[in-house]
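> One line per chain: the protein sequences are A and B, in this order.
With the first letter of the first sequence counted as 1, position 191 gets the number 191 in the numbering used here; the numbers rise by one all the way through.
With the first letter of the second sequence counted as 1, position 94 gets the number 94 in the numbering used here; the numbers rise by one all the way through.
Positions of the beta carbon are idealized from the N, C-alpha and C atoms, including for glycine.
Number of protein chains: 2
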Amino acid sequence: MAAISGGNTYHHGDLRNALICAAVALATEGGPERVVLREAARRVGVSPTAAYRHFDGRGELLLTVRTHARRELADSMERAAAREPGADDPALAAERRVAALCRGYVGFAVEQPGLYRAAFCVPRPAAPDEPAQERPQAEPEIRAFTLLREALETLARSGAARPGTRPATGAAAWSAVHGLSLLLVDGPLRRLPAQRRNAVVETTLAMVVSGARAL
Amino acid sequence: MAAISGGNTYHHGDLRNALICAAVALATEGGPERVVLREAARRVGVSPTAAYRHFDGRGELLLTVRTHARRELADSMERAAAREPGADDPALAAERRVAALCRGYVGFAVEQPGLYRAAFCVPRPAAPDEPAQERPQAEPEIRAFTLLREALETLARSGAARPGTRPATGAAAWSAVHGLSLLLVDGPLRRLPAQRRNAVVETTLAMVVSGARAL
DNA sequence: GCCCGATGTTGACCGCATGAACATTCCAGG
DNA sequence: CCTGGAATGTTCATGCGGTCAACATCGGGC
């Protein structure tokens, strides 16, 4: 087929990227389950199977979206922390940073529910017979978690560090913000009015900080 | 078609229940996305469309599974709490009850990951155009949450209750156990060895309890 | 005994994931 | 410049799932 007009060539030239963008847009609109190979292809104006030249299938496309979403999440946290004013007391500063990171985390979830959910989706093989892990082990590091963990370590070192600072404090804090995000975005606490939602967020943050102090 | 043998009648007699059981089994095996109308019908030995005589469609079937799963979750919490020894100090007893409920919660999630995920799934309309809420508002009460909230209230009244006991403490605690459960079952903390998993659980519980004291 | 409503069944349509075979382009050598 | 293979797209086909409409069967009240 001849080119209809302008840049309309048989070879797209940047299909992989275009597909990723479309897929990210889909995830933004409706979360991971909305990321549909055919729809992404349609939006890019290409046949469905073309995607298979660049991705192993829907799963891999979704994985790419997930990577993107995780990056955005971490960026949101860092922006929130950057906005936070410093403090003379290093312990106070550390506490504020933890809280700010958490606020950035939950804020991203609330503002970009689809992307947030995509950030933690796990591509499931249709049949649960073969494990089919994405990458043998080696979780590729999730910056959002790293940020949180490091801030908590700083907090622990900065003052009221009980002797037996538990190594799992980071995971505990993560659990809290992650659970909160999902309850708000996707769970029973969705449709909570903004006012009450804020109260829940702040209470949870208080729990995290108080927990970090006590552990 | 004539009955092939025994009780094989044209009319099943208890199809609704049979479908629910099959659907619950599916969810147990592979979570909500595994709950597939056709497969449930297949297992019951009935044609796919027969299900429509009893459910509005896959969505409603899934909702039913969710109800079942939520009940099981709450039962698991109550069992865990019942196993907990009492204490003379009411504050200590309350604290123990909260911890036990949480352990029951996370324990259920870890032992029944599929059902747990089903307990918090939200049936999404394929097209996000029309809201199509399951029930106008009125979340039908989630016993797991109620149990947790009541235990926390008891804890707050039982002693070291700071004056301004926040009303959202329950949601905060729920966030922690919910997030923890999902991270362990479905998230980046899945494939954590049991040992470390336990450490994370206990640390999170400590955070919740310490938070409940401090708030 | 008969007829209606409840309950199942067939057949069909559409969307999606995916694989095989075929078409078009691009580019590295000659 | 020309050409053949590698990249990259396309078409066609298969199989699964959700769902609807039309038809079949059963069970019980009249």
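1. In angstroms with no decimal places, state the Cα-to-Cα distance between R71(B) and A172(B).
2. Helix, strand or coil: which one does DSSP assign to D75(B)?
3. What residue from G179(B), T9(B), R143(B) and R42(B) has the CA that sits closest to V208(A)'s CA?
4. Would you kindly work out how many angstroms separate the C-alpha atoms of L37(B) and R34(A), rounded to a whole number?
5. DSSP on R192(A), reduced to helix/strand/coil?
6. Over the uninterrupted alpha helix (DSSP H) stretch that includes T154(A), give me the two end residues.
7. Thinking C-beta only, is A81(B) closer than 9 Å to G104(B)?
8. If contact is defined by three or more beta carbon pairs under 8 Å, each pair taking one atom from either stretch, is the region 187-198 of chain B in contact with the region 183-200 of chain A?
9. Give a yes or no on whether the C-beta atoms belonging to A40(B) and A23(B) are separated by under 9 Å.
10. Out of R83(B), E84(B) and A25(B), which one is the CA nearest neighbour of G114(B)?
11. Using three-state DSSP, classify L215(A) as helix, strand or coil.
12. Alpha carbon to alpha carbon, what distance is there between L189(A) and R97(B)?
13. Leaving aside the five residues before and after A132(B) along the sequence, list all residues of the same chain whose C-beta is less than 7 Å from its C-beta, in chain order.
14. Whose CA, out of G31(A), L61(A) and A212(A), lies closest to the CA of A109(A)?
15. Would DSSP call R135(B) helix, strand or coil?
16. Pull up the CB-CB distance for A206(A) and G159(B), whole angstroms please, since I reckon it's below 8 Å.
17. Closer than 7 Å, Cβ to Cβ, to anything on chain A: give me those residues from the region 179-206 of chain B, in chain order.
18. Quick one: grab the DSSP three-state call for R166(B).
19. Could you round the C-beta distance between A118(B) and R66(B) to whole angstroms and report it? I think they count as a contact, below 8 Å.
20. Give me the chain A residues within the contact set of S252(B), using Cβ-Cβ distance strictly less than 7 Å, ordered along the chain.
21. If we ignore side chains and look at the alpha-carbon of each, how far apart do R157(A) and R42(A) end up?
22. Along the chain, where does the alpha helix (DSSP H) that runs through C121(B) open and close?
23. Going straight from the alpha carbon of E139(A) to that of P90(B), what length do you get?
24. My output table needs one value for H11(B): the three-state DSSP class, helix, strand or coil.
25. Could you confirm whether any beta carbon from chain B is found closer than 9 Å to the beta carbon of G30(A)?
26. Comparing alpha-carbon positions, which option in Q112(B), L183(B) and L62(B) lies nearest F120(A)?
27. Among the candidates P193(B), E111(B), V177(B) and L148(B), whose CA atom is the shortest distance from the CA of E29(B)?
28. Along chain A, in chain order, which residues have C-beta atoms closer than 8 Å to that of A172(B)?
29. Let me know if E141(A) comes out buried or exposed under the rule of 16 or more other beta-carbons within 10 Å of its beta-carbon.
30. What residues of chain A sit near L215(B), judged by a beta carbon separation below 7 Å?
31. Taking 8 Å as the cut-off, is the CB of F120(A) close to at least one heavy atom of the ligand HEM?
32. What does R143(A) reach in chain B if we use C-beta pairs closer than 7 Å?
33. Can you look up V46(A) in the DSSP assignment and give me helix, strand or coil?
34. I'd like the list of long-range same chain contacts for R135(B), defined as Cβ closer than 6 Å, with 5 residues on each side in sequence excluded.
35. Which residues in the same chain have their Cβ closer than 7 Å to the Cβ of M77(B), if we skip the five residues on either side of it in sequence?
36. Alpha carbon to alpha carbon, what distance is there between A74(A) and P167(B)?
Working from what's here:
1. 21 Å
2. helix
3. G179(B)
4. 20 Å
5. As written in the sequence, residue 192(A) is Leu, which differs from the Arg given in the question. Coil at L192(A), not helix or strand.
6. R143 to R157
7. yes
8. no
9. yes
10. A25(B)
11. coil
12. 24 Å
13. Residue placement at A132(B) cannot be trusted, given a pLDDT of 48 that sits under 50; the coordinates are not used to answer.
14. G31(A)
15. Confidence in R135(B) is poor, its pLDDT being 49 and thus under 50, which makes the residue's placement unreliable; the coordinate value appears in the next sentence. Looking at R135(B) - three-state DSSP - the assignment turns out to be coil, as it is neither helix nor strand.
16. With a Cβ gap of about 19 Å, A206(A) and G159(B) do not count as contacting.
17. G179, L180, L182, L183, D186, G187, P188, L189, A199, V200, T203, T204 and A206
18. coil
19. 6 Å
20. As displayed, chain B neither begins before 1 nor continues past 215, which places residue 252(B) out of reach and without an answer.
21. 53 Å
22. Where C121(B) is concerned, there is no enclosing alpha helix (DSSP H), given that its DSSP letter is neither H nor E.
23. 44 Å
24. coil
25. yes
26. L183(B)
27. E111(B)
28. A176, L180, V200, T203, T204, A206 and M207
29. exposed
30. T203, A206 and M207
31. This structure lacks the ligand HEM; in fact it carries no ligand of any kind.
32. Here the premise fails: no neighbours, minimum Cβ distance about 12 Å.
33. coil
34. Legend: pLDDT at R135(B) = 49, less than 50; position of this residue unreliable, no value from coordinates given.
35. L101, G104, Y105, A144 and L147
36. 30 Å
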